[in-house]
Structure formats: structure tokens, C-alpha cells
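For reference, the structure discussed in these notes is given below.
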Amino acid sequence: MTSDVPFVSGGHLTIARSLVFQLREFGYQADLVLTPQNRFGRQLSAYLANWLTDVGLTGDEQQIDQVISFRYPSYAVRHPRHICWLNHRMREYYDLWEAFYPTLRWKGRIKEQTRRFLIHKIDNYLLKKRVKRLYAQSQTIQSRLLRWGGIPSQILYPPAPVRRYRTSAYQNFIFAASRLDRLKRLDLLIDAFAMAKTRGIRCLIAGEGKEAGNLLRKIKEKGLEGRVRLLGWVDDNTLIDYYARCRGVFFGPLNEDYGLVTLEAFSSHKPVLTCQDS
55 MTSDVPFVSG GHLTIARSLV FQLREFGYQA DLVLTPQNRF GRQLSAYLAN WLTDVGLTGD
115 EQQIDQVISF RYPSYAVRHP RHICWLNHRM REYYDLWEAF YPTLRWKGRI KEQTRRFLIH
175 KIDNYLLKKR VKRLYAQSQT IQSRLLRWGG IPSQILYPPA PVRRYRTSAY QNFIFAASRL
235 DRLKRLDLLI DAFAMAKTRG IRCLIAGEGK EAGNLLRKIK EKGLEGRVRL LGWVDDNTLI
295 DYYARCRGVF FGPLNEDYGL VTLEAFSSHK PVLTCQDS
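This note's numbering numbers the first residue of the sequence shown as 55 and each following residue consecutively.
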């Protein structure tokens, strides 16, 4: 089980789908259930919706033996054998709070401080009292659990998604595959291309998101229309083909929880350009 919002696909969904596939390969009956996350400001109602979601029986009234949840607020579901393989909590109320809080006006600060307090209390209760086993998908996630809530966990790293990775060539382009979001910092890659003296290298960026307009404006402002291209959404076969042919892969997000892009690049035998705080 994992939570999501419409028209957004993150790494947690890739991990969840890969886990379902592998469980089925080993002979288990497994299914992926998506629960509501809700847009920003309505997460508390999403926690309630997850709490009330019935995961005790299947549609034909067969007992469900175990539930595995991945992120907020899907870990609010109730089941006697509930395992949480945590991708992350709501980062705006945890590690991103110091950057998020100053952007608010005084009324917003009061409102978000109240929500943050409630979310912290709810998360601590759910992850300490309602989950039977808690695994963190990275050391970064584990350290955040300890820092905010003193919540112990074991690290269980996800493998690269099940795909037919290969190495075809090392062509003259840098590839980036990411949701187009401010935290993914794809603007750094565009700035780097504007400063690069070598003109024969191109940049291809695959993904969709709310930063697409800003990235397109930056590409135009820097005069990089012929060298940097936004591909939009690509299917798995096309994604693997770009990994197989690129010179290298860029992945420079801010304090990423884990980062499947690096695993996919290494599975394709490609180097990764990153940042010290990624």
C-alpha cells in the first residue's frame, strides 16, 4: 500500500510495483492498493481516510495475511500484521520545515505550526504503536526517524526496479530522469550547460512536473534550446534506451531520501553526476 495524488508518479510507486511483481514471482498473491494522500493542506483528512480503509479482507472475503505500507499517510491503515517499508514522511513538516516556514505569512505560520504539531503526534503514534515492523529505505530516512520522534528502524535498501538494463554506447549526451520538481534541482544541470565550454554535449531530461515551465524559461534565457531538451513522460523501454546510450546521468536533488536513478544508472554501467548534499 502506498499513498499518492492524481497525475503524479514518484519513486515510491516504482518500488511498490516492483515489490508486487517480485512477490508474485515467488508465488505469493499480492496486489498494489493506492490510498489518498490529498493535496497540501488536506493531509489530515487523508490520514483519516487511510485509518478507515478496510484491508482485513479481499473483495471475495478472503483473509489478507499482511500489509506493507510505504509512505505517509498509507501507514495509517490498520492491520494486525502491518509492515512499513518507509519511503518518507511529509518532508515539509520535517527536514524541509526550516526552508518552508519562512515562506509563510503570519496566519499561514500559525496554521502550519498547528498542522505540523498534529502530524508529528500522529506519525509517532502510528509508527511506534500501530506498525509491527518498521524498515527505512535508506540511512537518510533512518536518521530522520531518529531525529524527529526518536523512532527506531532497520535499513532495508530497495534494489533497482525490475527492468532490462543494458549498455549500448556512450553517446554525447547527459541524461536526467526525474519528476520536474524544485527539490530535484534540474536547474543546476541547465546552469552547468550554460557554463560548459564543450559544445558537443547535449542534455536530455525525461519527466513531468510543475517546474516544467520554469525550466523551459531558463533554457530559453540561457540560449540552450539546441542543447537542452525536455522530453516529457517516456515509457519504460524508452527510459532504458536513454540510460543505455547516454554518456552519463545527472541526479542532484536536495537531500534525497534514497534515489533510484543512481541504481538505474549503475545498472546501465553509466557514471552519475551529483552534488555533495544530494
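Backbone N, C-alpha and C fix where the C-beta goes; we use that ideal spot for every residue, glycine too.
These numbers were taken from a predicted model, which means no experiment stands behind them.
Residue environment, residue i, which counts as buried when at least 16 other CB atoms sit within 10 Å
{"i": "Trp139", "result": "buried"}
{"i": "Gln91", "result": "buried"}
{"i": "Met249", "result": "exposed"}
{"i": "Val62", "result": "exposed"}
{"i": "Thr168", "result": "exposed"}
{"i": "Asn141", "result": "buried"}
{"i": "Ala223", "result": "exposed"}
{"i": "Glu115", "result": "exposed"}
{"i": "Phe75", "result": "exposed"}
{"i": "Phe247", "result": "buried"}
{"i": "Ile244", "result": "buried"}
{"i": "Glu275", "result": "exposed"}
{"i": "Tyr297", "result": "buried"}
{"i": "Glu279", "result": "exposed"}
{"i": "Pro156", "result": "exposed"}
Closest Cα partner of residue i within the set the options
{"i": "Lys324", "options": "Ala230, Gly280, Ala248, Arg281", "result": "Ala230"}
{"i": "Val59", "options": "Gln83, Leu188, Gln97", "result": "Gln97"}
{"i": "Leu242", "options": "Leu308, Asn291, Leu158", "result": "Leu308"}
{"i": "Arg70", "options": "Leu327, Arg125, Gly95, Phe94", "result": "According to the sequence shown, residue 70 is Ala rather than Arg. Among Leu327, Arg125, Gly95, Phe94, the Cα nearest to that of Ala70 belongs to Arg125."}
{"i": "Arg239", "options": "Tyr219, Val87, Leu77, Ser332", "result": "Ser332"}
{"i": "Leu88", "options": "Val121, Glu275, Leu237, Phe247", "result": "Val121"}
{"i": "Thr194", "options": "Val288, Phe247, Arg143", "result": "Arg143"}
{"i": "Gly306", "options": "Thr328, Asp245, Tyr82, Gln116", "result": "Thr328"}
{"i": "Val185", "options": "Tyr219, Ile137, Arg163", "result": "Ile137"}
{"i": "Ala266", "options": "Phe80, Gly286, Thr68", "result": "Gly286"}
{"i": "Arg220", "options": "Ser128, Gln117, Leu237, Phe320", "result": "Phe320"}
{"i": "Arg283", "options": "Leu258, Ile164, Gly203, Asn268", "result": "Leu258"}
{"i": "Thr68", "options": "Asp290, Ile164, Phe80", "result": "Asp290"}
For residue j and residue i, believed in contact at Cβ under 8 Å, the rounded distance
{"i": "Ser99", "j": "Thr56", "result": "About 18 Å separates the two Cβ atoms, so there is no contact after all."}
{"i": "Asp311", "j": "Gln191", "result": "7 Å"}
{"i": "Lys264", "j": "Asp235", "result": "7 Å"}
{"i": "Leu158", "j": "Glu152", "result": "Contact doesn't hold; Cβ gap of about 12 Å is too wide."}
{"i": "Phe227", "j": "Arg256", "result": "4 Å"}
{"i": "Ala84", "j": "Arg78", "result": "5 Å"}
{"i": "Gln225", "j": "Arg299", "result": "5 Å"}
{"i": "Val315", "j": "Ser232", "result": "7 Å"}
Residue i versus residue j: straight-line alpha-carbon distance, rounded
{"i": "Leu293", "j": "Ala260", "result": "8 Å"}
{"i": "Arg253", "j": "Gly277", "result": "12 Å"}
{"i": "Pro212", "j": "Leu270", "result": "33 Å"}
{"i": "Gly313", "j": "Gly65", "result": "8 Å"}
{"i": "Val303", "j": "Thr112", "result": "42 Å"}
{"i": "Pro215", "j": "Trp160", "result": "44 Å"}
{"i": "Ser322", "j": "Val109", "result": "38 Å"}
{"i": "Glu262", "j": "Val288", "result": "9 Å"}
{"i": "Leu199", "j": "Tyr189", "result": "11 Å"}
{"i": "Ser72", "j": "Phe154", "result": "32 Å"}
{"i": "Arg201", "j": "Ile118", "result": "34 Å"}
{"i": "Pro127", "j": "Tyr82", "result": "25 Å"}
{"i": "Arg218", "j": "Leu86", "result": "22 Å"}
{"i": "Arg281", "j": "Asn268", "result": "17 Å"}
{"i": "Leu317", "j": "Leu237", "result": "19 Å"}
{"i": "Gly95", "j": "Gly203", "result": "22 Å"}
{"i": "Arg170", "j": "Lys251", "result": "46 Å"}
{"i": "Ile164", "j": "Gln330", "result": "34 Å"}
{"i": "Phe80", "j": "Gly162", "result": "49 Å"}
Any non-hydrogen atom of the ligand FMN closer than 8 Å to residue i Cβ
{"i": "Thr292", "result": "The ligand FMN is absent from the structure shown, which contains no ligand whatsoever."}
ask   = Between the stretch 129-136 and the stretch 92-108, do at least 3 Cβ pairs fall closer than 8 Å?
value = Output reads yes: the stretch 92-108 touches the stretch 129-136.
inquiry  = Would the stretch 180-189 count as touching the stretch 202-222 if we require 3 or more Cβ pairs under 8 Å?
reply    = Segments in contact, yes.
inquiry  = Can you confirm whether the stretch 143-153 touches the stretch 165-178 when touching is taken to mean that 3 or more C-beta pairs between the two stretches lie within less than 8 Å?
reply    = yes
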